[in-house]
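The opening position of the sequence shown corresponds to residue 32 in the numbering used here, with each subsequent residue numbered one higher.
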Amino acid sequence: MLRHPAPRLIALVALLLAGCGGPPPPTLTLPAAPATGDAAALAKAATAFYTAADPAGMRAAVEAAKAAGPTTALYHELAATLARFEDRERDELDHLVLGLLDPGGDAPLYLLNRLVTLHWTYAERARLVQLFEALRRSHPRADVRATAAWMASHSLHIQGQTAAQAAAVAAVTGQLKLTVIGTWDNDQGKGFDAEYPPEREIDLSKRYTGSRLEVGWRDDLPEDPRGKLHLHAMMEPVPWQVAYGVAGVQVKQAGDYELRLSTTDPIKVWVNEVLVFAGSRLASWSFDGVVVPVKLRAGTNRVLIKTAHGESGAWMLVARVTGPGGEPLVGDALVQVKADAAIAEGEKPVERPFSEETLIPRAVEGVADGPRKGMLAAAFTEDVGLAVPRVKIAEALSQAYPDALLVRWLKAAALWDNQERGNTSDLLNDLSERFGAELPLLALKQARFWDQQNLREKARRQLTALWQAHPDRDGAAFALADLLEREKWHEERCQILEQVDARQPGLEHAREALAACYEALRFYPRAEAIYMDLLKNLPNSYTALKRMHWLRQGNDDYQGARAFAERWAAAWPHDREAWESLGETLRRARDPAGARKAWGRLVEMAPMAAEAFDRLARLAMQGGDRAQAISLWKEALARDPENESLANRLQYLAPEKSGPWLADVPDEDALEAAVRQRETVKALDGTDLIYLMDDEVTSLAPDGSTINVVTLVAHAVNQAGRDNLTQMSLRSSRARVMHAFAVDPLGRRIEASSIRGGVVRFRQLGEGSTVVLQYRVDQRPDGYLARFLARQWWFQAPGVQTVVSRWVLWAPKGTTFLEEGRGDYQHEQVEKDDQVRVTWMARDTPPVLIEPAMPTLSEVAWHVAVSSVPDWDTFWRWEKALLQDAFRTSPEVEALAAALAEGAKTPAEKVARIHAYLMTNIRYQQDYEGHIAGVKPHAAPVVMARQYGDCKDKAVLFITLAKLMGIEVHFALVRTRDGGPVRLKVPMQQFNHAIVYVPAQPGIPEGRFYDPTVDALDVDVLRHDDQGTLSLVFNPLNDQHAWRPIPYQDASVDTTLADTVLQLAADGRAQGEMELTAHGRVGSIFRRAARNPNQFGQLMQQQVVRTFAGARLEGHQAMQVTSVLEPARVQLSLSVPALARREGKELRLKPPIEWSPQDWFGLAERQHPVLLGSPRTLRWKVTLELPAGAKVKRLPEAVELGTDCIRLKRTVTAREGAIVSEQEVQMRCERVEVKDYAAHRAMSEEMMRRLDEEIVIDVGRVKAPKATAQR
């Protein structure tokens, strides 16, 4: 086994080791020539290393590489990787350094990027700066020189070497000083493809409506000495936002150049108004991670960059222009000019933008094909945050090298980062169990995975065992310390960190972690001593400066705190927290002018952020300037409209100036007037409650947040109404109640008995009592389609009569509302100053009367649905962003597709097999890791690995499998019938289901919908509540969407047949058999029930009783209850004690049928349509074998009755010794309208009369019943 290289490998390392405590190390220079070695043997060793099946094979390959080229970059790359897996971080660092000293290495950027992920000691940092400087000066590749200069700049900045740092960052040539603007909405990534004003025009003088306030172009940006643009420091809001940066550049010669970008987030790039790059999956910072070849025109060119930030994390951007290969443009070859300068004339290329996939081969250009190239490509995708491409690379390598240990680890890590935790768990468990003892990194990663799965005790045991087994290595110690910190076991944590700190003097991470642990134990002097040691070696240490400021301020040492805060702000001038902390220290030190200046700098840095305005307002109030404080707080509230506490404070300080919308809120006089109306309002039929006032006033902010004042004055007409008023729920537990009291029938006012947990309870209520409830609730933007408002207002409700129902909505001028409603309500819209006021109101609305089988409330009650989403395209951009990468495939998914397709003769048969598989093998289960998971599907491989998923997960897997079989299938959003119809005029998230649409194509002559969420339903039957709806269908092949109606299936599709043969005895008893054949809903019921024999038996007993009153189930057999490709069939044996009644010498019975139209047409008249459900056919065939000597005396006549919606057909015939009754009912439409109800009811009465007709049998000469039954 490899251990620490002796004596730190070679004399050159000794040179690099010179650092703190000794004379300055001499300037390092790179060797002039590449390291020599046996190239073929090295290549062979690399292949053996990356394909080794176990640690022994990895070590053997490293030894072979060492023998073939001990000073080559390739040997040190392999040795560093082995050291990493063996948790030998110091050895890994050594090998990375030595690998970079070989100028002939083919992957120097990989080595550099690995190097900066490690923990360094003070001494190591000093020698690494020497290495970076040597690379910057002498490396043959320009991109390596620039990267080394960038890294040197960062390290030198922390070390406080200002001049050297400035020289290093100056060597990173071609950096563009961007003029920026923002922010705009990027909810769930939809802003990436949304067109905002900078994509239409570049006019630096213009201002536009942003996410919250008006925004303009800025070039007074907070400077990071290292060259980064920190958008999170200057923009607000930050989560899920879009910003733009633009620059003008002048070049002397037209030709080929490179645009090199470093970004934390997805970006789009335009050069001279042509889109040249679109990377929607980028998610991690890597210097020069995005390299885009571009053609520039001689003269002025314009670069526009769109950056789309996600939910959290830093938001940074750097852009620079170089020659090909990163070669610097010297002198006046590149000059930056105003961003809106006129673009030089030139040929406009065809818009064929590069994508993030094109970055990958470029990153490994020059590396020989083979497993190593794949591993290096995967490392690059990890660096820039391309999770899905990394998985694809891992899967391709896994197929080529299924036993390779490192490839299997790569696949586990890639799946883990892509949130595919099921397969990750299996791979990690196997790797750790087999190799974790020899390669501690695998055991460390498994412990981390367990911790994330909330298996903390299991993780703690593993880490403790690892640390005890390898006390000389740091990985387990740091991981265990982190876990103990979350447990708040600080004593044990500090003991571990003390040991690491003693063993590794000057290890920066250990020093910082130990100081933080001492702080947790309130050992502040010990913590200070460590922080001061950090500052001695790293004068600009961010953590040490910040913590020392806090510690000194906590001790009321404002002079010391100020000194550290000023150092903090000077070293990190782009950090908002530094200026905020400096201002607070000055305020406490009674230096309001100094505090005002510090917070003024904060305003300049982030003018859209609320913090500085709030701080300045508090300072003004503290100084007695109330008017200034109110003015500043208004600015703060405009930037943070969700701040309920601040809104309340402003309302308290200046209620008359809190916004025109408050004038619409009913005051106490209006409440008293509403109560008095109870004396004159007469209750209508069906009324339990009278809403004397049902009112809401809403103020909508630009970011989609709202302030709402809800007012309800409700009068109890009867006991049911009183019970509804006793306990009333608020819209939010954070609501601020303004009025909550009752007025009894005698006029006494009684305050609410309790207000807590979002519930108001009233006491001493009786019939005739009136409740008054008014509260304010401030709501954040909707979790779906943030920034937009989508809401319904109901003017009617069951049992509720309303005197006046009103919703007043105030919004910024220019806001457009789309609406769709029902009922006799009024709409009014007016503009007032910079606001628009919209009112919806209805008066004297009757209660909604509840009837059996009535439509949904949205189809019968007065209401209005309102949305500020401008169109369905906007909605679809949001939905499309949610579907990004959902249709990803994997080897497992591909294997499943091949297995399902094997032997299938037609595309239709393949689709049926996919549908059957999803129903049978993928269980319906909702697993929402967060709020957005309710609408964002998991990727197909995740669903397959879990073997469960919800509707959208199943739809995604269906589409992915079909695509692999060459079949086109679309994603379909549905609002099921029980949710009411889709409101086409109101774009909003109103869907509650997702299914798939298979369009017509070769082999599938007619398109149709499939719902893979059903359980055990025949494949050609669509779930009943999907039918008759309107679907928004998305074609993932061309990114197009369209509305498509989902028709009702014909009544012949969903069928059930009960075929019964009974032997009738002379006393009216019967026995025999029933065969049930079900295709559709009843078939699904049978198949599901058959999984539990006991429940299945109960279901069959219920079945025979529904058809034959008093029948007993004697036995049952499931003939076919597994396949969904053919109808379900069940055989029953039954006996009926009284099938017919005996009247003298006659037996009388009605032809058995399990159906009655009275279920729908029992009411004399209706106010609402009656719902029949989706079309279906029910059939009953009963063969009565008569006792010997019996004669048929009378049979019911044949019947064929019905309407367009319901048909009844019956024939009863006699044959030798038997009577055969065949009856069929078809429900052909989903509902009967009110205008057609009377005719249908009359028809139902006729049907009932005919169904009451009896079979009459003469049994006077019958001597004995038959003994056995025959079919």
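We treat Cβ as the ideally placed atom computed from N, Cα and C, and that holds for glycine. Nothing here was measured: the structure is a model prediction, and the numbers come from that model.
Once the 5 residues before and after residue 1152 are set aside, which same chain residues still bring their CB inside 6 Å of it?
On the sequence shown, residue 1152 is found 1121 positions in, with the first residue counted as 1. Answer for residue 1152: 1117, 1118, 1121, 1159, listed in chain order.
Can you have a look at residue 946 and say buried or exposed, based on whether 16 or more other CB atoms are within 10 angstroms of its CB?
As a working mapping, residue 946 is identified with position 915 in the sequence shown. Taking a 10 Å sphere around the C-beta of residue 946, we find 16 or more other C-beta atoms and assign the residue as buried.
Going along the chain, which unbroken runs of the alpha helix (DSSP H) with 4 or more residues stay wholly within the segment 908-972?
922-932, 938-952
Relative to the alpha-carbon of residue 1003, which residue among 1076, 1055, 934 has its alpha-carbon at the smallest distance?
Along the sequence shown, read from residue 1 onward, the residue named residue 1003 stands at position 972. The shortest C-alpha separation from residue 1003 is found at 1076.
Look up residue 898 in the DSSP assignment and say whether it is helix, strand or coil.
Locating residue 898 in the sequence shown gives position 867, where the first residue counts as 1. The three-state secondary structure of residue 898, taken from DSSP, is strand.
What do you get for residue 998, buried or exposed, if any count of 16 or more other CB atoms within 10 angstroms of its CB means buried?
The count along the sequence shown starts at 1 and reaches residue 998 at position 967. By the neighbour-count rule (16 or more Cβ atoms within 10 Å), residue 998 is buried.
To the nearest whole angstrom, what separates the beta carbons of residue 791 and residue 761, a pair I think is in contact under 8 Å?
On the sequence shown, residue 791 is found 760 positions in, with the first residue counted as 1. On the sequence shown, residue 761 is found 730 positions in, with the first residue counted as 1. Indeed, because the Cβ distance is near 7 Å, the residues count as touching under 8 Å.
Take residue 854 as the anchor and find which of 617, 827, 471, 503 has the nearest alpha-carbon.
Residue numbering aside, residue 854 sits at position 823 when the sequence shown is read from its first letter. Checked all of 617, 827, 471, 503; the closest Cα to residue 854 is 827.
Under 6 Å Cβ to Cβ from residue 1213, same chain only, skipping five residues before and after it: list those, please.
Numbered from its first residue, the sequence shown carries residue 1213 at position 1182. Contacts found: 1091, 1183, 1252.
In whole angstroms, what separates the C-alpha of residue 1275 from that of residue 1232?
Stepping through the sequence shown from its first residue, residue 1275 is reached at position 1244. Stepping through the sequence shown from its first residue, residue 1232 is reached at position 1201. Computed Cα separation, rounded: 9 Å.
Which residues mark the beginning and the end of the beta strand (DSSP E) in which residue 153 is found?
Stepping through the sequence shown from its first residue, residue 153 is reached at position 122. No beta strand (DSSP E) contains residue 153, which is instead part of the alpha helix (DSSP H) from 153-169.
Please return the same chain residues whose Cβ sits closer than 6 Å to the Cβ of residue 1143, not counting the five positions on each side in sequence.
In the sequence shown, counting from the first residue as 1, residue 1143 sits at position 1112. Correct list, in chain order: 1166.
I need the straight-line Cα distance from residue 565 to residue 605, nearest angstrom please.
Against the sequence shown, residue 565 aligns to sequence position 534. Against the sequence shown, residue 605 aligns to sequence position 574. Their backbone Cα atoms lie some 22 Å apart in a straight line.
Would residue 271 and residue 341 qualify as a contact pair, given that the criterion is a beta-carbon distance under 8 Å?
Counting from one through the sequence shown, the residue named residue 271 turns up at place 240. Counting from one through the sequence shown, the residue named residue 341 turns up at place 310. The answer is yes: Cβ separation under 8 Å.
For the putative contact between residue 920 and residue 971, defined by C-beta atoms under 8 Å, what is the C-beta separation to the nearest angstrom?
On the sequence shown, residue 920 is found 889 positions in, with the first residue counted as 1. On the sequence shown, residue 971 is found 940 positions in, with the first residue counted as 1. Correct: roughly 7 Å between the Cβ atoms.
Rounding to the nearest angstrom, what Cα-Cα distance links residue 879 and residue 888 in this structure?
Taking the sequence shown and counting its residues from 1, the one referred to as residue 879 is at position 848. Taking the sequence shown and counting its residues from 1, the one referred to as residue 888 is at position 857. Taking the straight line from one Cα to the other gives about 9 Å.
Can you give me the start and stop residues for the beta strand (DSSP E) that residue 1177 sits inside?
The residue you call residue 1177 lines up with position 1146 of the sequence shown. 1177-1180 is the extent of the beta strand (DSSP E) around residue 1177.
May I ask you to verify whether the segment 99-108 touches the segment 133-147, counting CB pairs closer than 8 Å and requiring at least 3?
yes
Is it true that the CB of residue 808 sits closer than 8 Å to the CB of residue 766?
As a working mapping, residue 766 is identified with position 735 in the sequence shown. As a working mapping, residue 808 is identified with position 777 in the sequence shown. Yes, the Cβ-Cβ distance between residue 766 and residue 808 is below 8 Å.
So, at 6 Å on beta carbons, what are the nonlocal neighbours of residue 123 in its own chain, with the 5 sequence-adjacent residues on each side left out?
The residue labelled residue 123 in the question sits at position 92 within the sequence shown. For residue 123, where only same-chain residues beyond five positions count, the Cβ hits under 6 Å are 111, 114, 115.
I'd like to check one pair, residue 846 with residue 1363: are the Cβ atoms closer than 8 Å?
This structure leaves residue 1363 out entirely; the chain is present only between 32 and 1302.
At what residues does the beta strand (DSSP E) containing residue 871 begin and finish?
As a working note, residue 871 is residue 840 in the sequence shown. Start and end: 866-876.
So residue 200 is in the alpha helix (DSSP H); what residue range does that whole segment cover?
Position 169 of the sequence shown, counted from the start, is the residue given in the question as residue 200. Element bounds for residue 200: 193-201.
Throw me the rounded Cβ distance for the residue 728 and residue 768 pair, which I believe falls under 8 Å.
Translated into the one-based positions of the sequence shown, residue 728 becomes position 697. Translated into the one-based positions of the sequence shown, residue 768 becomes position 737. Residue 728 to residue 768, Cβ: 16 Å. No contact.
What would DSSP say about residue 354, mapped onto helix, strand or coil?
Start at 1 with the first residue of the sequence shown, and residue 354 comes out as number 323. In this structure, residue 354 counts as coil in the three-state DSSP scheme.
Tell me whether the beta-carbon of residue 1168 lies closer than 8 Å to the beta-carbon of residue 1193.
Within the sequence shown, the letter at position 1137 stands for residue 1168. Within the sequence shown, the letter at position 1162 stands for residue 1193. Going by C-beta atoms, residue 1168 is not nearer than 8 Å to residue 1193.
Are there 16 or more other CB atoms within 10 angstroms of the CB of residue 227, so buried, or fewer, so exposed?
To locate residue 227, count along the sequence shown from 1; it is residue 196. So residue 227 counts as buried.
Just verifying my parser: in three-state terms, what is the DSSP assignment at residue 498?
For the purposes of this step, residue 498 is identified with residue 467 of the sequence shown, where counting begins at 1. Three-state DSSP puts residue 498 in a helix.
Return the chain-ordered list of same chain residues with a C-beta closer than 6 Å to the C-beta of residue 191, the five sequence neighbours on each side being excluded.
As a working mapping, residue 191 is identified with position 160 in the sequence shown. Contacts found: 570, 571.
Could you please give the first and the last residue of the uninterrupted beta strand (DSSP E) stretch that includes residue 1045?
The residue given as residue 1045 occupies position 1014 in the sequence shown. That residue, residue 1045, is in no beta strand (DSSP E); it is neither H nor E in DSSP.
Is it right to say residue 563 is buried, meaning 16 or more other beta carbons lie within 10 angstroms of its own, or is it exposed?
Locating residue 563 in the sequence shown gives position 532, counting from the first residue. Exposed is the call here.
Would you call residue 1023 buried or exposed, if buried means 16 or more other Cβ atoms sit within 10 Å of its Cβ?
In the sequence shown, the residue the question calls residue 1023 occupies position 992. By the neighbour-count rule (16 or more Cβ atoms within 10 Å), residue 1023 is not buried but exposed.
Distance check for residue 1234 and residue 1271, CA to CA, integer angstroms please.
If you number the sequence shown from 1, residue 1271 lands on position 1240. If you number the sequence shown from 1, residue 1234 lands on position 1203. Distance between the alpha carbons of residue 1271 and residue 1234: 7 Å.
Hey, could you find the ends of the beta strand (DSSP E) residue 815 is sitting in?
Position 784 of the sequence shown holds residue 815. Where residue 815 is concerned, there is no enclosing beta strand (DSSP E), given that its DSSP letter is neither H nor E.
Is the segment 857-869 touching the segment 810-820, taking contact as three or more C-beta pairs under 8 Å?
no
Within this structure, are the beta carbons of residue 151 and residue 143 separated by less than 8 Å?
By one-based count along the sequence shown, residue 151 stands at place 120. By one-based count along the sequence shown, residue 143 stands at place 112. For residue 151 and residue 143, no; Cβs fall outside 8 Å.
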